[in-house]
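Chemist:
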Amino acid sequence: MAPAEGLLDDRPGVGRAATRKPRTFLWLITVGLLLVLVLGGLYGFNRFREQAIATYFANNKPPPAHVSAAEVKTEAIPRFATGIGSVTAVHQVSINPEVGGRVTKIFFEPGASVKAGDPLVQLNDEPERGDLASYEAQARWAQTTLERSSQLAQHQYEARETVDQKQSQLDQARAMIIKTEALIAQKLIRAPFSGQLGTRQVELGQYLTPGARIVTLTDLSTLYVNFTLPSQMRPQISVGQRVNVTADAYPGRTFSAEITTIEPQISADTRTMTVQATMRNPENALLPGMFVNAAVVLPPQPDMVVLPETAVEYTLYGDSVYVVREDGKNADGQPILKAVRTPVKTGARIGGKVVILQGLEPGERVISAGQVKVQNGAPVAISDEPAPQPPAALTRN
């Protein structure tokens, strides 16, 4: 058997292969153990770091943000029915001659203010004045002959028919005098009412035909505001209601008017009704033709939840507020406050306040200033500093 063992040992590579297998296995085990140790160390380090960070922040909480807060209240909210309209003058005319004639005098300046009865233009009336003198002479002669005939008729020296004829001649002369005086008066064109004149459309010496435009006269002291409202608002609109009028030409200013007429029919095309309000315009601020916004003052709506407009955050995802709630007590027994984001449904905005239709109850406190410093659930502290004031209300006439 010895020679056989010798033959096996003498084969090339057999002894080296048997020796290499145990070494490879030990190397793999060693590398695996090292990887396990490294990965385990990394995992343990990360868990330790996370725990250390959590412990740090737990023991070092950020100080509460100082904010201003407002209490949720209920108020009576004014309501308005709004519409777009235009301004027209109560009195506005184009001054035109009733008769033709040549312009001999112009008494006004363009844009001037005039009073009722002031002369504006004189047309040539010399022919009519000549006719008037002739008719007056005829009347005097007819009066004289009538008196003579009447005396003769009393003594029956003249027939009664002759007296009646002389009376008719006198009446005709007097009628022509009245007619001619009226024609002369028409040649002097006067202002029919007080107001402001526009641009002059005539020149001295120009011949005017009846109806030719001389100038426009407008009374700016009183104006109409015509606007439309939806037909469903008819039960809430009545004559005498106040109307707040605003114009883009006067930002921040409100004019007061009063409903005087409501159109007794609804437009079949737009399903709206036309309302006319009358307003005083002492400063001549508004002019006919201006577009205005009209807001009819309606009875207020009571017990509406309101907030300062600065308390609401408006985003694409909806409106929300930060409600201040208690989150336990500190070591001194004082309440710990935190900000809780709460979605709300908002309504009308009036005078720096906004109506909250859903999401809040009266008595709750919300952050009215300083929202940029807090997040949902963050601790807060109520500051004694006053919150920003809402925009000033519009001035009213």
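Under the numbering used here, read the sequence shown as residues 394 to 790, first letter to last.
Backbone N, C-alpha and C define an ideal beta-carbon position, used for all residues, glycine too.
Note that the coordinates shown come from a computational prediction; the quantities given were computed from them, not determined experimentally.
Rounded to whole angstroms, what is the Cα-Cα separation between residue 497 and residue 521?
Modeler: Your numbering for residue 497 matches position 104 in the sequence shown. Your numbering for residue 521 matches position 128 in the sequence shown. Cα to Cα, the separation comes out at about 14 Å.
Chemist: Grab me the residues of residue 365's own chain with a C-beta within less than 8 Å of its C-beta, minus the 5 sequence neighbours each way, in chain order.
Modeler: Nothing can be reported for residue 365: it is not among the residues displayed for the chain, which extend from 394 to 790.
Chemist: Can you grab the Cα-Cα spacing for the pair residue 672 / residue 508, in whole Å?
Modeler: The residue given as residue 672 occupies position 279 in the sequence shown. The residue given as residue 508 occupies position 115 in the sequence shown. Computed Cα separation, rounded: 21 Å.
Chemist: Excluding five sequence neighbours on each side, which residues of the same chain lie with their C-beta closer than 8 Å to the C-beta of residue 753?
Modeler: The residue you call residue 753 lines up with position 360 of the sequence shown. Only 465, 698, 700, 714, 716, 735, 737 and 759 meet the Cβ criterion.
Chemist: Please list the terminal residues of the continuous beta strand (DSSP E) segment that includes residue 750.
Modeler: Counted from its first residue, the sequence shown places residue 750 at position 357. Unbroken beta strand (DSSP E) run through residue 750: 746–751.
Chemist: Can you say whether residue 746 is buried or exposed, counting buried as having 16 or more other CB atoms within 10 angstroms of its CB?
Modeler: Working through the sequence shown from its first residue, we reach residue 746 at position 353. Label assigned to residue 746: buried.
Chemist: Under 8 Å, with one C-beta from each stretch per pair, do the segment 613–621 and the segment 533–553 reach the 3-pair mark?
Modeler: At 8 Å Cβ cutoff, the stretches do not touch.
Chemist: Tell me the DSSP bridge mates of residue 590?
Modeler: Numbered from its first residue, the sequence shown carries residue 590 at position 197. Bridge partners of residue 590: 610.
Chemist: DSSP puts residue 742 in a beta bridge; with which residues?
Modeler: Walking along the sequence shown from the start, residue 742 turns up at place 349. In DSSP, residue 742 forms a bridge with 747.
Chemist: Between residue 512 and residue 603, is the Cβ-Cβ spacing less than 8 Å?
Modeler: Within the sequence shown, the letter at position 119 stands for residue 512. Within the sequence shown, the letter at position 210 stands for residue 603. No, these two residues do not count as a Cβ contact at 8 Å.
Chemist: Go through its chain and collect everything with a Cβ distance to residue 581's Cβ below 7 Å, but skip five positions before and after it.
Modeler: Stepping through the sequence shown from its first residue, residue 581 is reached at position 188. Closer than 7 Å at the Cβ level, and outside the excluded window around residue 581, lie 512 and 515.
Chemist: Would you identify the three-state DSSP class for residue 541, choosing helix, strand or coil?
Modeler: Position 148 of the sequence shown holds residue 541. Three-state result, residue 541: helix.
Chemist: Which runs of the alpha helix (DSSP H) spanning at least 4 residues fall entirely within the segment 503–550, listed in chain order?
Modeler: Fully enclosed alpha helix (DSSP H) runs of 4 or longer: 519–547.
Chemist: What do you get for residue 343, buried or exposed, if any count of 16 or more other CB atoms within 10 angstroms of its CB means buried?
Modeler: Since the first residue shown for the chain is 394 and the last is 790, residue 343 is missing from the structure and cannot be characterised.
Chemist: Here's the rule I'm using: 16 or more other beta-carbon atoms within 10 Å means buried, otherwise exposed. How should residue 418 be labelled?
Modeler: By one-based count along the sequence shown, residue 418 stands at place 25. Residue 418 comes out exposed.
Chemist: From the DSSP output, in three-state form, read off residue 642 for me.
Modeler: On the sequence shown, position 249 is the one that residue 642 refers to. Coil at residue 642, not helix or strand.
Chemist: Relative to the alpha-carbon of residue 762, which residue among 443, 472 and 459 has its alpha-carbon at the smallest distance?
Modeler: Here residue 762 refers to the residue found at position 369 of the sequence shown. Among 443, 472 and 459, the Cα nearest to that of residue 762 is on 459.
Chemist: Keeping to the same chain, check which residues put their C-beta closer than 8 Å to that of residue 477; ignore five residues upstream and five downstream.
Modeler: Here residue 477 corresponds to residue number 84 of the sequence shown, with the count starting at 1. Counting only Cβ-Cβ distances below 8 Å, and skipping sequence neighbours, we find 620, 621, 684, 685, 686 and 687.
Chemist: With a 10 Å radius around its C-beta and 16 neighbouring C-beta atoms as the bar for buried, classify residue 506 as buried or exposed.
Modeler: Indexing the sequence shown from 1 puts residue 506 at position 113. Looking at its Cβ environment, which holds fewer than 16 other Cβ atoms inside 10 Å, residue 506 is exposed.
Chemist: Excluding the 5 residues flanking residue 675 on each side, which residues of the same chain have their C-beta closer than 8 Å to its C-beta?
Modeler: Here residue 675 refers to the residue found at position 282 of the sequence shown. For residue 675, where only same-chain residues beyond five positions count, the Cβ hits under 8 Å are 614.
Chemist: Could you check what DSSP says for residue 679 in three-state terms: helix, strand or coil?
Modeler: By one-based count along the sequence shown, residue 679 stands at place 286. In the structure shown, residue 679 sits in coil (DSSP, three-state: anything other than H, G, I, E or B).
Chemist: Does the segment 764–771 come within contact of the segment 723–730, defined as at least 3 CB pairs closer than 8 Å?
Modeler: The segment 764–771, when compared against the segment 723–730, does not touch it at the 8 Å Cβ threshold.
Chemist: When you compare the segment 554–566 with the segment 526–539, are there three or more beta-carbon pairs, one atom per stretch, that lie closer than 8 Å?
Modeler: As far as the Cβ criterion goes, the segment 554–566 touches the segment 526–539, which means the pair count is three or higher.
Chemist: Given residue 640, which residues of its chain have a CB within under 7 Å of its CB, disregarding the five upstream and five downstream residues?
Modeler: Residue 640 sits at position 247 when you count from the first residue of the sequence shown. So the list reads 679, 683 and 685, once near-sequence residues are dropped.
Chemist: Please state if the CB of residue 462 and the CB of residue 729 are separated by a distance shorter than 8 Å.
Modeler: Within the sequence shown, residue 729 is the residue found at index 336, counting from 1. Within the sequence shown, residue 462 is the residue found at index 69, counting from 1. Contact flag unset, no.
Chemist: Between the alpha carbons of residue 447 and residue 440, how many angstroms are there, rounded?
Modeler: Taking the first residue of the sequence shown as position 1, residue 447 is located at position 54. Taking the first residue of the sequence shown as position 1, residue 440 is located at position 47. About 11 Å.
Chemist: By Cβ distance below 6 Å, which residues in the same chain neighbour residue 503 in space, the five residues on each side in sequence not counted?
Modeler: Residue numbering aside, residue 503 sits at position 110 when the sequence shown is read from its first letter. Closer than 6 Å at Cβ, skipping near neighbours: 592 and 593.
Chemist: Measuring alpha carbon to alpha carbon, tell me which of 525, 626 and 600 ends up nearest residue 475.
Modeler: On the sequence shown, residue 475 is found 82 positions in, with the first residue counted as 1. Answer by Cα proximity: 626.
Chemist: Report all residues from its chain with a CB closer than 6 Å to the CB of residue 587; omit the five preceding and five following residues, and keep chain order.
Modeler: Here the question's residue 587 lines up with position 194 in the sequence shown. Hits under 6 Å: 508 and 509.
Chemist: Distance, Cα to Cα, residue 437 vs residue 426?
Modeler: Here residue 437 refers to the residue found at position 44 of the sequence shown. Here residue 426 refers to the residue found at position 33 of the sequence shown. For residue 437 and residue 426, the distance between alpha carbons rounds to 16 Å.
Chemist: In terms of DSSP beta bridges, what is residue 712 paired with?
Modeler: On the sequence shown, position 319 is the one that residue 712 refers to. In DSSP, residue 712 forms a bridge with 707 and 737.
Chemist: Just verifying my parser: in three-state terms, what is the DSSP assignment at residue 491?
Modeler: Looking up residue 491 in the sequence shown gives position 98. In this structure, residue 491 counts as coil in the three-state DSSP scheme.
Chemist: At which residues does the beta strand (DSSP E) containing residue 690 begin and terminate?
Modeler: Here the question's residue 690 lines up with position 297 in the sequence shown. Looking at the DSSP string, the run of the beta strand (DSSP E) that includes residue 690 is 684–701.
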